[in-house]
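Worksheet: the structure to be examined is printed underneath.
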Amino acid sequence: MSCEHTQQLLDAYVDGELDVEKSLAIEQHLSACPACRKRHEARRWVRVAVQSQARYFTVPDPAVRRIQAHLDKAGGGGRTLPARWLSLAATAAIAALLGSGTTFWIGRTSSEDLLTQEAVANHSRSLMVAGRITDISSSDQHTVKPWFNGRVDFSPLVVDLTAQGFALVGGRLDYLDNHPVAALVYRHRQHLINLFVWPDDKSAAAPMRAFARHGYHVLHWSGGGMRYWAVSDLNPADLKAFGELLATQG
Amino acid sequence: MPNSSKRAQFERVVLPHLNAAYNLARWLTRDDHDAQDVLQESSMRAYQYLDGFHGDSAKSWLLTIVRHTCYSWLEKNRPAALTTVFDEQLHGAGGDGPHADNTVPADGPEALLQQKQERHQVQRWLEELPVEFREVVVLRELEGLSYKEIGEIAAIPIGTVMSRLSRGRNLLQRKLNGTVDEES
Ligand SMILES: [Zn+2]
Chain A
1 MSCEHTQQLL DAYVDGELDV EKSLAIEQHL SACPACRKRH EARRWVRVAV
51 QSQARYFTVP DPAVRRIQAH LDKAGGGGRT LPARWLSLAA TAAIAALLGS
101 GTTFWIGRTS SEDLLTQEAV ANHSRSLMVA GRITDISSSD QHTVKPWFNG
151 RVDFSPLVVD LTAQGFALVG GRLDYLDNHP VAALVYRHRQ HLINLFVWPD
201 DKSAAAPMRA FARHGYHVLH WSGGGMRYWA VSDLNPADLK AFGELLATQG
Chain B
251 MPNSSKRAQF ERVVLPHLNA AYNLARWLTR DDHDAQDVLQ ESSMRAYQYL
301 DGFHGDSAKS WLLTIVRHTC YSWLEKNRPA ALTTVFDEQL HGAGGDGPHA
351 DNTVPADGPE ALLQQKQERH QVQRWLEELP VEFREVVVLR ELEGLSYKEI
401 GEIAAIPIGT VMSRLSRGRN LLQRKLNGTV DEES
């Protein structure tokens with residue numbers, strides 16, 4: 001590949017948007033061409049600078065309350081469940097008391113559908129509420145795993161997969177399928193993954209199943225006496241790779 | 251559908267992506283209050299059009315509405331923000347050519363990233379990018395969206411996503427390298 005062609009495709013290359021064949025051609029060129037290597041390094045640098053230094057603005061609570069008020073006026077049914085919108089911070093606490101199925105129930109759904117709804121709701125709620133994503137923040141599995149002692153009556157498998165591209169962010173206690181569950185949080189690039197783990201009442205392992213729901217991807221399986229539900233906005237292929245890494249660890 | 255179930259659907263479809271919506275609105279309007287106004291209006295539109303959402307990505311759907319609302323809002327209230335002054339020194343020859351920015355300061359990126367002063371500068375440099383470059387950089391780097399998703403949201407072909415991203419990054423890279431005088 002020529003220098004000119006390499007430069008044209010450099011952004012698509014750093015963004016992971018090229019097919020394998022073109023990526024390999026670029027890699028070959030980079031290993032042989034110091035000038036393009038420098039350009040590539042500069043690209044990496046500008047991306048790191050923006051990702052680490054440009055602010056991600058989060059919506060202020062009063063703005064959410066104003067939207068709530070407008071929907072109430074429009075007859076949006078907010079009166080039936082007023083607690084939901086009182087504040088985002090209150091949402092998690094109330095949902096934990098009620099069980100999230102109460103909030104997101106849509107009726108006549110299979111248990112798998114319902115659990116998918118619940119898991120997605122838990123995931124999005126964990127992202128929405130500042131400080132809610134983890135109760136214990138650590139990339140060290142030997143810090144995160146013992147944290148669950150006494151909080152749940154089982155010992156979840158906690159593995160750091162940083163080397164495989166899935167960094168452990170931490171853990172928290174959550175509530176799913178009428179159980180307290182261990183929620184383990186992983187990060188892959190900018191995408192967060194919630195992995196919910198709790199004991200399986202069936203002894204047989206269940207194969208992996210994948211779903212998409214409201215823009216999120218869900219993957220679940222069981223093995224070694226535990227159920228695993230992973231939720232993320234990560235693409236299905238990467239989420240599957242994550243699940244398979246964990247399934248082989250268990 | 252009844253209002254209560256529509257409200258529940260709004261919460262399932264729209265609420266999880268409200269931060270992404272606000273972040274885009276804030277980067278396009280560059281003002282807290284304006285972004286909140288745009289978010290409010292976008293949310294009402296999303297509620298109104300909810301029955302029309304059957305797609306797989308609620309996030310892309312909502313961001314499309316937010317972007318559209320932002321542009322209408324800017325046209326009406328801040329037309330100057332959409333009038334891009336194309337400075338030849340910034341955008342001229344060399345933007346993608348052999349003189350494209352390929353220098354990395356001796357200190358390396360890590361040293362830069364530790365300097366708090368620089369943090370504000372990167373923020374400001376991104377805010378100063380022409381809006382058509384700024385939006386693709388924000389959607390790619392802060393939202394982690396694919397070219398295809400960005401193309402759908404901004405209603406442009408994937409090739410245009412790539413070239414705008416490349417242009418935007420070239421401009422930022424020049425600022426980072428200090429090769430462009432602040433006043434020029
Ligand atoms: Zn080259």
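Quick note, the sequences are listed as chains A and B, same order.
This note's numbering applies: residue 1 is where the first sequence begins, and numbers increase by one.
This note's numbering applies: residue 251 is where the second sequence begins, and numbers increase by one.
Backbone N, C-alpha and C fix where the C-beta goes; we use that ideal spot for every residue, glycine too.
Chain-ordered chain A contacts of residue i [CB-CB under 7 Å]
{"i": "B/Arg276", "result": "Phe57"}
{"i": "B/Tyr299", "result": "Neighbours of B/Tyr299 on chain A: none; closest Cβ ~14 Å, over 7 Å."}
{"i": "B/Val263", "result": "His214"}
{"i": "B/Leu376", "result": "Val50, Ala54"}
{"i": "B/Val372", "result": "Ala49, Val50, Gln53, Ala54"}
Identity of the residues DSSP links to residue i by a beta bridge
{"i": "A/Leu161", "result": "A/Phe166"}
{"i": "A/Tyr175", "result": "A/Pro180"}
{"i": "B/Tyr297", "result": "Looking at the DSSP assignment, B/Tyr297 forms no beta bridge with any residue, so it has no partner."}
{"i": "A/His188", "result": "A/His191"}
{"i": "A/Asn149", "result": "A/Val152"}
{"i": "A/Ser232", "result": "A/Ile193, A/His217"}
{"i": "A/Trp198", "result": "A/Arg227"}
{"i": "A/Ser222", "result": "A/Ala206, A/Arg227"}
{"i": "A/Trp136", "result": "Contrary to the premise, residue 136 of chain A reads as Ile rather than Trp in this sequence. Answer is A/Gly171."}
{"i": "A/Phe211", "result": "A/Val218"}
Chain B contact residues for residue i, given Cβ-Cβ distances below 8 Å
{"i": "A/His70", "result": "Gln290, Ser293, Met294"}
{"i": "A/Val64", "result": "Leu268"}
{"i": "A/Arg43", "result": "Arg419, Gln423"}
Contact set between residue i and chain A, taken where Cβ atoms lie within less than 9 Å
{"i": "B/Ala308", "result": "His214, Gly215, Tyr216"}
{"i": "B/Val387", "result": "Val50, Ala54"}
{"i": "B/Tyr397", "result": "Ala12, Asp15, Glu17"}
{"i": "B/Asn273", "result": "Arg55, Tyr56, Phe57, Thr58, Val59"}
{"i": "B/Leu313", "result": "Going along chain A, no residue has its Cβ under 9 Å from B/Leu313, so there is no contact; the nearest lies around 10 Å."}
{"i": "B/Leu237", "result": "Outside the modelled stretch of chain B, which goes from 251 to 434, sits residue 237 of chain B, for which no answer is possible."}
Whole-Å CB distance - residue i paired with residue j, under 8 Å assumed
{"i": "A/His191", "j": "A/Asp160", "result": "Not really, about 17 Å apart at Cβ, beyond 8 Å."}
{"i": "A/Gln53", "j": "B/Val372", "result": "4 Å"}
{"i": "A/Leu246", "j": "A/Tyr228", "result": "7 Å"}
{"i": "B/Ala308", "j": "B/His267", "result": "6 Å"}
{"i": "B/Gln298", "j": "A/Ala63", "result": "Not quite, the Cβ-Cβ distance comes to about 19 Å (not below 8 Å), so this is no contact."}
{"i": "B/Ala258", "j": "B/Val316", "result": "That pair is no contact at about 22 Å."}
{"i": "A/Arg187", "j": "A/Val169", "result": "5 Å"}
{"i": "A/Leu195", "j": "A/Met208", "result": "13 Å between Cβ atoms; not a contact."}
{"i": "A/Thr134", "j": "A/Val185", "result": "5 Å"}
{"i": "A/Ala182", "j": "A/Pro156", "result": "4 Å"}
{"i": "B/Asn273", "j": "A/Tyr56", "result": "6 Å"}
{"i": "B/Leu289", "j": "B/Val263", "result": "The Cβ separation is near 15 Å, so there is no contact."}
{"i": "A/His40", "j": "A/Leu10", "result": "6 Å"}
{"i": "B/Ile403", "j": "B/Ser310", "result": "6 Å"}
Residues that residue i contacts on chain B, provided the C-beta gap is smaller than 7 Å
{"i": "A/His279", "result": "The requested residue 279 of chain A is not part of the displayed model; chain A covers only 1 to 250."}
{"i": "A/Arg47", "result": "Glu391"}
{"i": "A/Asp140", "result": "Residues of chain B passing the Cβ test: none, with the nearest at roughly 23 Å."}
{"i": "A/Asp160", "result": "Simply none; closest approach about 21 Å."}
8 Å Cβ cut-off: residues of chain A touching residue i
{"i": "B/Leu415", "result": "Asp11, Asp15"}
{"i": "B/Leu324", "result": "By Cβ distance, chain A contributes nothing, its closest Cβ being about 17 Å from B/Leu324, past 8 Å."}
{"i": "B/Leu332", "result": "Correct list: empty, because the minimum Cβ distance to chain A is about 20 Å."}
{"i": "B/Val316", "result": "Correct list: empty, because the minimum Cβ distance to chain A is about 11 Å."}
Contacts of residue i in chain B (Cβ-Cβ under 9 Å)
{"i": "A/Asp201", "result": "Simply none; closest approach about 28 Å."}
{"i": "A/Asp153", "result": "Within 9 Å Cβ-Cβ: nothing; A/Asp153 doesn't reach chain B, min ~30 Å."}
{"i": "A/Asp238", "result": "The premise fails here: A/Asp238 is roughly 11 Å from chain B at the closest Cβ pair, so nothing lies under 9 Å."}
*Name the residues in the segment 16 to 31 of chain A whose C-beta lies less than 7 Å from a C-beta of chain B; which are they?*
Glu17
*Between the segment 112 to 136 of chain A and chain B, which residues of the former have CB atoms less than 9 Å from a CB of the latter, in chain order?*
Gln117, Val120, Ala121, His123, Ser124, Arg125, Leu127, Met128
*asked:* Beta-carbon distances below 5 Å to any heavy atom of ligand 1 define the shell here; list its residues in chain order, please.
replied: A/Cys3, A/Cys33, A/Cys36
*Cβ-based contacts, 9 Å cut-off: residues of the segment 164 to 195 of chain A near chain E*: Note that chain E does not occur in the displayed structure, where the protein chains are A and B.
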